[in-house]
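Every number in our numbering is 446 more than the matching position in the sequence shown, counting from 1.
Glycine residues also receive a C-beta, built at the ideal position from the N, C-alpha and C atoms.
Because the structure is a prediction, the values reported are computed rather than measured.
Below is one structure, written out as structure tokens; the observations come after it.
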Amino acid sequence: MATRNRELEMVQDFAPDRAAQALLNLRCAVDHCHDAIFIADSNGKIEFVNAAFEAMTGYSAHEAMEGGLALIIKRDPTGDRKPISTASGVGLEEIREKGFYRGAISTARKDARLIRMDLAVTVVRDYRTREASLVCTARDITDEGELRAELS
């Protein structure tokens with residue numbers, strides 16, 4: 447029986463290593479994803495961005511965390527920030543009620559260049575079903591629109 451207990455102890459000792467490795471694998475996947483991934487709290491304060499977000503928007507992680515979702519949710523390169531409802535007909539309150547949003551929006555990069563992105567926002571709730579955060583993914587579709595215009 448002592449041998450069996452020792453085997454169980456050895457298996458349990460590796461469990462934290464597996465959990466840490468799983469988190470490391472997830473972090474690597476997010477960091478290397480070609481789509482922008484960013485996470486905001488329920489107030490719209492950005493808590494995390496991946497490298498693709500920085501490349502797509504021109505904003506550093508630090509700037510994104512200071513500026514929040516307002517950096518992304520604007521319509522034109524002049525920096526005139528508009529709520530999602532102005533840009534796409536869907537407001538943050540509707541996203542909170544529905545639990546998600548998916549659509550194309552126009553926004554401006556830090557260098558004021560206009561880009562179009564396919565944006566997906568999912569509301570993540572905590573164990574008490576309260577809104578905990580907004581997980582967002584975005585893909586730059588600017589070139590797709592330009593290509594369609596050329597083909598027309």
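Our two residues, Arg571 and Gly490, have alpha carbons roughly 15 Å apart in a direct line.
By a beta-carbon distance limit of 8 Å, Cys582 does not contact Val569. Their separation comes to about 10 Å.
In the DSSP assignment, Thr568 falls within the beta strand (DSSP E) that extends over Leu560 to Arg571. For Ala550, the beta-bridge partners assigned by DSSP are Asp564.
Under the three-state reduction of DSSP, Asp477 is assigned to helix. When Ala554, Lys556 and Met563 are compared, the shortest CA-CA separation from Arg548 is found for Met563.
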